[in-house]
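In the working numbering, the protein residues as written are -2 to 446.
Report on the structure given below.
Set out below in structure tokens:
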């Protein structure tokens, strides 16, 4: 007997009993408890798509469970939510000549035998399959967020395991399985154009998902779909400086994807380019610059909105993109890359070291423009990372003033022969007479940069 998917709430199913004699539908109900669902969308996902965060009141979803006769196969039942309750409804084709199709609410006898538990999966991928893996393809290709255009592009999913037999209500908390990205653009050290438009592109991104696994909730990108997406084409940013956001398959960032920002002002255009950084940093969630833990590979994560934050900076003889900490729920992405300079926000060589130490020792306040090019400030402290081996043990170098206002992370590298175990040797009490003239300004004092 074949179990098909059919959008059919209970009221509609009862009405079908009055269909024509040629194609009657028999309403049946087993003795075991009928199954009803409740579901909500995880509000922490920050993905405001057609599936709104909060309790699901209406909509069509798919409930899947293991086939009793073949545990390696799934059975999927289309489920209609009405008034916050989901009713899985079974439609069975007629069996044999003269047989009647049947329509009934899914009950526990359809799922497993008495006394046993079952595992249920719920998603909104509109397809019938007995395989856990569903091919997605072009219909789910990356696209700008739009309530209508992303009717299929947005995938939500959850699993509830070991549900006791005859449980009446099964509750799901669905999470978004695609990722979202946008760019926030600002200026540093230059006057923003008066009335600009922008073209913003990301190249080297896998734009199309290959498949979705109904039992794990995993969306796998198509490795052959690497392409360029245009987040904004000669358009304006939001008041907060954002491009439109795009929905795309989750993926590790690889092969140096490039961000290109073209600023249009009248008949003039200015192009800024930068390769996305390799790393992102965990974020406490309390602020954009409050990092916890160690850096991890930059990634477009399932269920998360990645905001790539950049500053367009004009300097003598070059144009540069500064990648600031990106916002992705509890994650941060740091980097400073550009047409000329291609690196993360941090210290890479002895020249960088001397520039940072000199700037910090003269003025360690949040307003120090030089330090903003190398680190981030939060909670009264600067966080600065080292991303390469610097100097030798016998080299002469300047030490940081040890005023407990710096979090220096060597990232496993050796700096002038010092490692994390003796990092205090990179600090020095600043006791010279000049120190009194260059202390961190207190509130109300004039700050140096």
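Using N, Cα and C, we set each Cβ at its ideal position, and we do this for glycine too.
All values derive from a computational prediction rather than experimental measurement.
C-alpha gap between residue i and residue j, whole angstroms
| i | j | result |
| --- | --- | --- |
| residue 226 | residue 72 | 37 Å |
| residue 155 | residue 128 | 17 Å |
| residue 334 | residue 274 | Low confidence applies to residue 334: its pLDDT is 19, below 50, so where it sits in the model is not reliable enough to give any reading. |
| residue 392 | residue 369 | 27 Å |
| residue 398 | residue 321 | 25 Å |
| residue 55 | residue 420 | 58 Å |
| residue 133 | residue 234 | 32 Å |
| residue 187 | residue 78 | 53 Å |
| residue 126 | residue 64 | 12 Å |
| residue 53 | residue 239 | 29 Å |
| residue 106 | residue 408 | 57 Å |
| residue 103 | residue 163 | 11 Å |
| residue 81 | residue 68 | 30 Å |
| residue 351 | residue 270 | 27 Å |
| residue 294 | residue 37 | 30 Å |
| residue 416 | residue 118 | 49 Å |
| residue 418 | residue 251 | 32 Å |
| residue 62 | residue 241 | 38 Å |
| residue 224 | residue 236 | 29 Å |
| residue 336 | residue 266 | At residue 336 the pLDDT is 21, less than 50, meaning the model places this residue with poor confidence; the figure from the coordinates comes in the next sentence. Going by the C-alpha atoms only, they are around 16 Å apart. |
| residue 365 | residue 394 | 22 Å |
| residue 449 | residue 197 | Any property of residue 449 remains undetermined from this structure, which presents the chain solely from -2 to 446. |
| residue 112 | residue 213 | 25 Å |
| residue 422 | residue 298 | 39 Å |
| residue 100 | residue 108 | 16 Å |
Own chain partners of residue i with C-beta closer than 7 Å, once the 5 adjacent residues on each side are dropped
| i | result |
| --- | --- |
| residue 345 | 384, 385 |
| residue 190 | 260, 262 |
| residue 378 | 402, 403, 404 |
| residue 219 | 203, 205, 206, 207 |
| residue 268 | 257, 259 |
| residue 211 | 61, 71, 118, 120, 129, 131 |
| residue 124 | 131 |
Cβ pair residue i, residue j closer than 8 Å
| i | j | result |
| --- | --- | --- |
| residue 194 | residue 231 | yes |
| residue 373 | residue 356 | no |
| residue 139 | residue 244 | yes |
| residue 247 | residue 202 | no |
| residue 199 | residue 229 | no |
| residue 256 | residue 182 | no |
| residue 120 | residue 74 | no |
| residue 353 | residue 371 | yes |
Neighbourhood of residue i by C-beta, 6 Å cutoff - its chain only, sequence neighbours within 5 removed
| i | result |
| --- | --- |
| residue 116 | 158 |
| residue 185 | 308, 310 |
| residue 217 | 207, 208 |
| residue 382 | 343, 406, 408 |
For residue i, three-class secondary structure by DSSP
| i | result |
| --- | --- |
| residue 366 | helix |
| residue 195 | strand |
| residue 421 | helix |
| residue 123 | coil |
| residue 354 | helix |
| residue 134 | helix |
| residue 347 | helix |
| residue 46 | Note that residue 46 scores 38 on pLDDT, short of 50, meaning its location in the model is unreliable and no value can be drawn from it. |
| residue 210 | strand |
| residue 359 | helix |
| residue 107 | helix |
| residue 447 | Past the edges of the chain, shown from -2 to 446, lies residue 447, and the structure says nothing about it. |
| residue 30 | coil |
| residue 394 | coil |
| residue 406 | strand |
| residue 102 | strand |
| residue 190 | coil |
| residue 153 | strand |
| residue 413 | coil |
| residue 275 | coil |
| residue 205 | coil |
| residue 247 | coil |
| residue 113 | coil |
| residue 224 | strand |
| residue 336 | In this predicted model, residue 336 has a pLDDT of only 21, less than 50, meaning its place in the structure is not dependable; the value taken from the coordinates is given anyway. It is coil, neither helix nor strand. |
| residue 58 | strand |
| residue 301 | coil |
Closer than 8 Å to chain B by CB, residue i
| i | result |
| --- | --- |
| residue 163 | Structure shown: chain B not included; a single protein chain is present. |
Assumed close pair residue i, residue j - CB separation to whole angstroms, cut-off 8 Å
| i | j | result |
| --- | --- | --- |
| residue 88 | residue 76 | That belief does not hold up - the Cβ atoms of residue 88 and residue 76 are roughly 12 Å apart, past 8 Å. |
| residue 83 | residue 173 | That pair is no contact at about 18 Å. |
| residue 413 | residue 388 | 4 Å |
| residue 205 | residue 135 | 6 Å |
| residue 396 | residue 303 | With 8 Å as the limit, residue 396 and residue 303 do not qualify as a contact, their Cβ atoms being about 37 Å apart. |
| residue 166 | residue 35 | 6 Å |
| residue 114 | residue 161 | 5 Å |
Contacts around residue i, its chain only, beta-carbon distance under 8 Å, and the 5 residues preceding and following it disregarded
| i | result |
| --- | --- |
| residue 296 | 247, 248, 249, 250, 277 |
| residue 411 | 386, 387 |
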